[in-house]
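Start counting the sequence shown at 1; every next residue gets the next number (the working numbering).
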Amino acid sequence: MPIREPELALVFGLVSSKRVLVTGGAGFIPSNFIRHLLANTPYEVISLDALTYAGNVENLADVMSHERLSFVHGDIRDADLVRDVAAEVDVIVNAAAESHVEKSILEGGSEFVRTNVEGTQILLDAIRDAPVERFILISSSEVYGTAERDPMDEEHPLNPRSPYAATKAGADRLAYAYWVTYELPIVIVRPFNNYGPRQHPEKVVPRFITQALEGRPLTIHGDGHASRDWLYVDDDAEAIEAIIETPIDRVAGQVLNVATGVDISVGRIAELVLDVLGKPSSLKTHVPERPGQVDRHIGSTEKIERLTGWRARTSFEEGLERTVAWYREHASWWRGILAPV
Ligand SMILES: NC(=O)c1ccc[n+]([C@@H]2O[C@H](COP(=O)([O-])OP(=O)(O)OC[C@H]3O[C@@H](n4cnc5c(N)ncnc54)[C@H](O)[C@@H]3O)[C@@H](O)[C@H]2O)c1
1 MPIREPELAL
11 VFGLVSSKRV
21 LVTGGAGFIP
31 SNFIRHLLAN
41 TPYEVISLDA
51 LTYAGNVENL
61 ADVMSHERLS
71 FVHGDIRDAD
81 LVRDVAAEVD
91 VIVNAAAESH
101 VEKSILEGGS
111 EFVRTNVEGT
121 QILLDAIRDA
131 PVERFILISS
141 SEVYGTAERD
151 PMDEEHPLNP
161 RSPYAATKAG
171 ADRLAYAYWV
181 TYELPIVIVR
191 PFNNYGPRQH
201 PEKVVPRFIT
211 QALEGRPLTI
221 HGDGHASRDW
231 LYVDDDAEAI
241 EAIIETPIDR
251 VAGQVLNVAT
261 GVDISVGRIA
271 ELVLDVLGKP
281 SSLKTHVPER
291 PGQVDRHIGS
301 TEKIERLTGW
311 RARTSFEEGL
321 ERTVAWYREH
331 ASWWRGILAP
341 V
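Next up, the structure:
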């Protein structure tokens with residue numbers, strides 16, 4: 001679908017609204033975020049996505065013909081395209097990324113550096129030429145490495161432990177440097193581990209759910225004690241919207257965790273998934289731990305609540321039930337893309 005011409009905004013009465021570019025829109029978090037924006041704001045949304053193995057236009061199928069959504073099939077490393085698209089929008093949310101920690105460990109960092117760091121640099125240079133109202137970089141809690149203190153606030157040292165995490169830290173600090181150097185309206189957001197509908201089954205929560213639905217063993221790396229702060233994807237969407245709504249002077253140049261302040265171990269998640277689906281605990285299987293993994297993550301929620309008023313609303317039990325229900329009802333979606341595990 002082509003990008004709408006500016007005069008059409010007048011026809012749709014969107015002059016006082018915002019045009020929001022969401023990169024990586026066919027991915028997990030961004031597709032849920034786009035659906036949230038279309039349902040809860042008057043904003044016009046433009047999605048730019050290269051449709052890698054992780055991008056799935058099915059993730060936007062129910063909103064693809066929405067009058068306020070345009071989809072551009074393209075790469076954030078295409079500087080000419082990015083400049084053209086950036087010139088049309090008020091807000092950029094850069095969520096496009098190579099996002100799988102284990103893939104970066106198995107295959108090395110090349111593609112991760114190219115998309116996560118170089119792609120971010122190309123977007124940042126585009127807004128030097130065509131200023132926007134704000135640029136939100138979706139970074140990651142993985143940049144912190146294993147927690148040195150509990151909870152982890154935004155001043156926690158950055159000790160990325162995987163090639164993925166290191167490239168996210170590179171983009172994160174590059175965005176910060178563009179704020180300092182060029183005084184661009186940049187906000188850096190560090191979501192903790194998201195889960196919810198439309199997440200690729202290579203990631204641990206949907207992997208456990210799809211394994212359990214098929215009666216296959218749930219493969220837990222190591223003893224399962226590693227814990228994370230699990231954020232329901234709709235809560236993350238509300239957080240990013242809150243960051244768009246907050247006066248820019250409050251958030252420009254800031255780093256904001258998006259977290260719940262609660263951690264749950266991977267072993268416990270396996271048990272909860274089996275409980276919800278009424279499957280036997282004998283399906284839990286331990287396989288060797290892999291290098292580069294983070295041990296424990298709990299995010300401090302104080303700063304984002306103070307600056308934007310946002311806090312997570314969904315308990316893990318509630319979010320997991322909704323997620324399990326979605327995977328149960330959408331077996332053809334995940335069977336089509338099921339990653340070998
Ligand atoms: N999933 C999580 O738990 C989590 C946690 C913290 C931060 N994040 C970050 O949030 C963002 C979204 O994560 P996700 O899990 O939804 O990712 P995802 O892998 O589901 O989606 C990524 C999307 O980016 C697109 N993409 C990849 N390379 C591209 C390129 N060069 N140009 C344009 N599009 C490209 C893919 O096609 C895909 O649609 C990423 O930046 C990720 O690092 C994710």
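From the three backbone atoms N, C-alpha and C, an ideal C-beta is built for every residue, glycine too.
- Between L272 and L213, the C-beta spacing is not below 7 Å.
- Counting along the chain, F192 sits inside no alpha helix (DSSP H), nor does DSSP assign it H or E at all.
- In terms of side-chain proximity, the C-beta atom of G119 is found nearer than 6 Å to a non-hydrogen atom of ligand 1.
- DSSP links D49 through a beta bridge to H73.
- By DSSP's assignment, E44 forms a beta bridge with R19.
- In the DSSP annotation of this structure, Y232 is not part of any alpha helix (DSSP H); the continuous beta strand (DSSP E) holding it starts and ends at 230-232.
- Of the residues assessed, R35 falls on the buried side of the cut-off, its CB having 16 or more other CB atoms within 10 angstroms.
- The continuous alpha helix (DSSP H) containing R173 extends over residues 163-182.
- By the Cβ neighbour-count rule, G309 is exposed, with fewer than 16 other Cβ atoms within 10 Å of its own.
- Under the three-state reduction of DSSP output, G109 falls in the coil class, being neither helix nor strand.
- Contact annotation: D75 and A97 have beta-carbon atoms that are not nearer than 7 Å.
- Excluding residues up to 5 positions away in sequence, F192, A259, T260, D263, H297, I298, G299 lie with their Cβ nearer than 6 Å to the Cβ of D229 in the same chain.
- Counting C-beta atoms within 10 angstroms of its own C-beta, I269 has 16 or more neighbours from the protein chains shown and is therefore classed as buried.
- For I122 and H73, the gap between their C-alpha atoms comes out near 17 Å.
- Shortest gap from the CB of D84 to any heavy atom of ligand 1: 6 Å or more.
- Check the Cα spacing between G196 and each of I46, N59, L106, L21: the tightest is with N59.
- Across the structure, F28 and N56 are spaced so that their CA atoms are roughly 9 Å apart.
- Cβ-Cβ separation between I136 and I240: approximately 7 Å, consistent with a contact (criterion under 8 Å).
- Cβ-Cβ separation between E44 and R19: approximately 5 Å, consistent with a contact (criterion under 8 Å).
- One thing to note: L338 has its Cβ within 7 Å of the Cβ of P201.
- Within the chosen limit of 6 Å, ligand 1 reaches the beta carbon of I76 through at least one heavy atom.
- Using a cutoff of 6 Å, the CB of F28 counts as near ligand 1, since one of the ligand's heavy atoms is closer than that.
- For R134, the enclosing beta strand (DSSP E) has its first and last residue at 134-138.
- For T308, there is no enclosing beta strand (DSSP E); the residue is found in the alpha helix (DSSP H) stretching over 302-308.
- Taking C-beta separations shorter than 6 Å and ignoring five residues to either side along the sequence, the partners of G170 in its chain run V117, following chain order.
- Around the beta carbon of R149, fewer than 16 other beta carbons sit within 10 angstroms, so the residue counts as exposed.
- With 16 or more other Cβ atoms from the protein chains shown falling within 10 Å of its own Cβ, T23 counts as buried.
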